Structures are given as structure tokens and as C-alpha cells.
Amino acid sequence: MTDFEATMEWHGRRTWYRILGDLDGGRPPVVLVHGGPGLPHDYLLPLAEALSGPVGGGRPCVLYDQYGAGRSGHRPDAPAEHWTVDLYLEELRLLLARLGIEDGFHLLGHSWGGMLGLELAVTRPPGLRSLTTVGAYAASRTYITEVRALVDALPEKARSVIEQHEAAGTTDSAAFQEAMLEFYRRHVILARPAPECLLRSVAAMRADPTVCLAMMGPSEFTMTGSLRDWDIRERLHLVRSPVLVVSGRRDEVTPAAADELYAGLPNAERAVLEASSHHPHLEQPAQFLELVRKFVDRADV
115 MTDFEATMEW
125 HGRRTWYRIL
135 GDLDGGRPPV
145 VLVHGGPGLP
155 HDYLLPLAEA
165 LSGPVGGGRP
175 CVLYDQYGAG
185 RSGHRPDAPA
195 EHWTVDLYLE
205 ELRLLLARLG
215 IEDGFHLLGH
225 SWGGMLGLEL
235 AVTRPPGLRS
245 LTTVGAYAAS
255 RTYITEVRAL
265 VDALPEKARS
275 VIEQHEAAGT
285 TDSAAFQEAM
295 LEFYRRHVIL
305 ARPAPECLLR
315 SVAAMRADPT
325 VCLAMMGPSE
335 FTMTGSLRDW
345 DIRERLHLVR
355 SPVLVVSGRR
365 DEVTPAAADE
375 LYAGLPNAER
385 AVLEASSHHP
395 HLEQPAQFLE
405 LVRKFVDRAD
415 V
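What follows is the structure, encoded as C-alpha cells:
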């Protein structure tokens, strides 16, 4: 199987990407778009390896680190307004063109990556065969309301620590981080121990949190970054491609938030993985792979 890494230079920026499988083999590839924003691709690698391998039907896959994350170029000195949805849409379009796959490709976006995939899908690119969103939502306002309810349901000690440090602006404290772990164990990753690929991604984002702080903010529960007012609900009717909306039953992007996304799409399927939270491809990998493989194969017919 082909396994190739390279970088794309664009407007003085650099984007790293990796190809698993043969892009000229006749099957449209799956482009995997990571979340965060700023959480590099490593935690999606097991899925790409499975999809491109025999059990996944040998589907070629493309992984990349969005600008500002992982192996791509970084700008820790850039002002917050530098990091925009339009910036990442341009990067994705340029990458598709660079690889010569803009006339036939599938997107799989996790969390923020699913939101970015939706932003591309509403523009109706002719080569988009399908979009799979995983742990994504249609409106940040809905997400914030839902995730606050999850915080409110935490044990009293963890909940009060989160509320205290959010109010004081001390979310970088050890106590806040420990309370966040209580939330993460319930709604972000259920697998024990936490997969090493996910830990690598988290460590890389913590080494340079510029993008996450600008677009999400220091706390994902209140969202003070530029995505706080993001809302694509009024544009969802423009999506022509089939969309698979996936979430975990215990996802921080609650089933209700994902249901709102599903309800606004004209050609969508819905799946909830019962034993998963925010990373179903790591928590129920076999079930998730089968779900995605069948959906992508149907979209190619």
C-alpha cells in the first residue's frame, strides 16, 4: 500500500499531509479532517489505516494537519482574527486541488472538522461524493446549552471547581485541569487507557494552543473564541451531497445537538453509537468502521 507524506506551500504557509493508498486506483479517497481546532491528525490515523486496509475495502485516505497544528506551519504570534473559517476552507480547497481529487472525494470530519466539512458542503462542490460528520453540531449556541447541562450533572466537587475557575479566568490551573478530566472521562473518551494516538494529538495542541484559544477559547464549556456565534442552520438546505451524522450516546456534542444538525439536512442518515462518547472511532472502532465503509460505498454507486 502506498504511504506518502509531503507538504503544500500556499501564501507563505505550509500544510503537511499524508496519503494512505493509491489516489489513482479508481476509488474516490476519504479526506479526514481533524477537530480542535488545532488538534492534529494523529488520533484519526487508526481510522485511516483501517479504511485503507483490507477490512475497510482498500479505500485511499488523506490525512492532513490544518495550518497552525501538528506538522504544519505555526504562527503563535498571529492575532486571534487571523484564524478564520475562511482560512481553513481555502486550505482544504487548495489541498484537494493539489492532490488532483477535487472531482471525486469523500470527507469525514470529526468535531470542528465536521463543521468545516459542512462549510464546504454548503458551497456544493461538484466532486463531493459524501460527508460524514462525527461529533459535530449545527449551532454553537445549541452546543453550549447542551454541554452546560452535562457540566451541571457532574459530581458537585468537579462542577464547582469548573465554575469557580471559569469565573476567575484561571482555567490554566491544575485544579481546573483535574476537574476537566472528570468531564473528559464521561463525555470525551471512554476507552481506558486513553489511546496513545489521542494523547499525542492532545500533547501537540497543548504545545501550541494558538488556534484553539482563538477559535474555541480556554474553556470548551463557555466558548469565548470566534466560533462562539457559529451557526450554519440557515444554510444546511444547500447541501446536496449525502451526509452521515454520527455521534456517541455520551458525547459532549449531545445526541440532541447532533439531531438538530441531522434535521436540517435534506439528504442525511443518522447514527448514534451507544457505547461511545466523542471519539467513537476509538471507542467502538469495528462498528464505526463498518458504518462509515457502507455509507461511503453507497455514496459511490
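Numbered by my numbering, the letters in the sequence shown go through residues 115 to 415 in order. All residues carry an ideal CB built from backbone N, CA and C; glycine is no exception. Only a predicted model underlies this, so the values are computations on that prediction, with no experimental measurement involved.
Bridge-paired residues (DSSP) for residue i
| i | result |
| --- | --- |
| Trp124 | Arg127 |
| Ile133 | Phe118, Val176 |
| Asp345 | Ala253 |
| Ala385 | Val360 |
| Thr247 | Gly223, Val359 |
| Val145 | Val176, Leu221 |
| Leu242 | Phe219 |
Residue of the options minimising C-alpha distance to residue i
| i | options | result |
| --- | --- | --- |
| Tyr181 | Ser287, Leu375, Tyr131, Glu163 | Tyr131 |
| Tyr376 | Val386, Val359, Asp191, Asp365 | Val359 |
| Tyr251 | Ser361, Ala389, Glu397 | Ser361 |
| Leu350 | Arg212, Arg300, Val236 | Val236 |
| Glu123 | Tyr157, Ala164, Arg212 | Arg212 |
| Met380 | Glu397, Arg238, Ile133, Val265 | With the sequence shown as reference, residue 380 is identified as Pro, and Met is not the correct amino acid for it. The shortest C-alpha separation from Pro380 is found at Arg238. |
| Leu210 | Leu234, Glu270, Ala321, Ser225 | Leu234 |
| Ala382 | Phe409, Gln401, Pro394, Pro323 | Phe409 |
| Val261 | His301, Ser287, Glu292, Ser274 | His301 |
| Asp286 | Val199, Pro323, Glu205, Val265 | Pro323 |
| Ser333 | Ala317, Arg364, Phe290 | Phe290 |
| Ile133 | Arg141, Ala183, Gly249, Glu119 | Glu119 |
| Pro399 | Glu204, Val248, Asp191, Gly139 | Val248 |
| Asp365 | Pro269, Pro394, Leu405 | Pro394 |
Own chain, CB closer than 6 Å to residue i, minus 5 neighbours either side, in chain order
| i | result |
| --- | --- |
| Asp241 | Strictly speaking, residue 241 in this sequence is Gly, with Asp absent from that position. Glu216, Asp217, Gly218, Phe219. |
| Trp344 | Ser254 |
| Leu153 | Ser315, Met319 |
| Tyr157 | Cys311, Leu312, Ser315 |
| Arg384 | Val359, Tyr376 |
For residue j and residue i, the rounded distance between their alpha carbons
| i | j | result |
| --- | --- | --- |
| Leu146 | Asp136 | 16 Å |
| Ser166 | Tyr298 | 29 Å |
| Arg347 | Gly223 | 17 Å |
| Ser391 | Thr121 | 33 Å |
| Pro143 | Pro174 | 5 Å |
| Glu388 | Arg363 | 5 Å |
| His148 | His155 | 6 Å |
Cβ neighbours of residue i in the same chain (closer than 8 Å, five flanking residues each side left out)
| i | result |
| --- | --- |
| Asp411 | Gly171 |
| Leu201 | Tyr181 |
| Arg342 | Ser254, Ile258, Gly331 |
| Trp197 | Pro151, Gly182, Thr324, Val325, Ala328, Met329, Ser340 |
| Glu374 | Tyr251, Ala252, Ala253, Thr256, Arg347 |
Close beta carbons around residue i, own chain, < 7 Å, minus the five adjacent residues each side
| i | result |
| --- | --- |
| Leu159 | Leu177, Cys311 |
| Phe402 | Leu387, Pro394, His395 |
Subject >> the segment 362-377 / the segment 253-267 touching (three or more Cβ pairs under 8 Å) >> reply: Yes, since at least three Cβ pairs between the segment 362-377 and the segment 253-267 fall closer than 8 Å, the two stretches touch.
Original post:
Can we say the segment 345-360 touches the segment 232-249, given the rule of at least three CB pairs closer than 8 Å?
Top reply: By the Cβ criterion, the segment 345-360 is in contact with the segment 232-249, since at least three pairs of Cβ atoms, one from each stretch, lie closer than 8 Å.
**OP:** Report yes or no: do three or more beta-carbon pairs, one from the segment 276-287 and one from the segment 302-318, lie closer than 8 Å?
**Re:** The segment 276-287, when compared against the segment 302-318, does not touch it at the 8 Å Cβ threshold.
Subject >> Three-pair Cβ contact test at 8 Å for the segment 120-130 versus the segment 187-205 >> reply: Of all C-beta pairs linking the segment 120-130 to the segment 187-205, three or more are shorter than 8 Å, placing the two stretches in contact.
Subject >> the segment 159-176 / the segment 225-233 touching (three or more Cβ pairs under 8 Å) >> reply: No, they do not touch.
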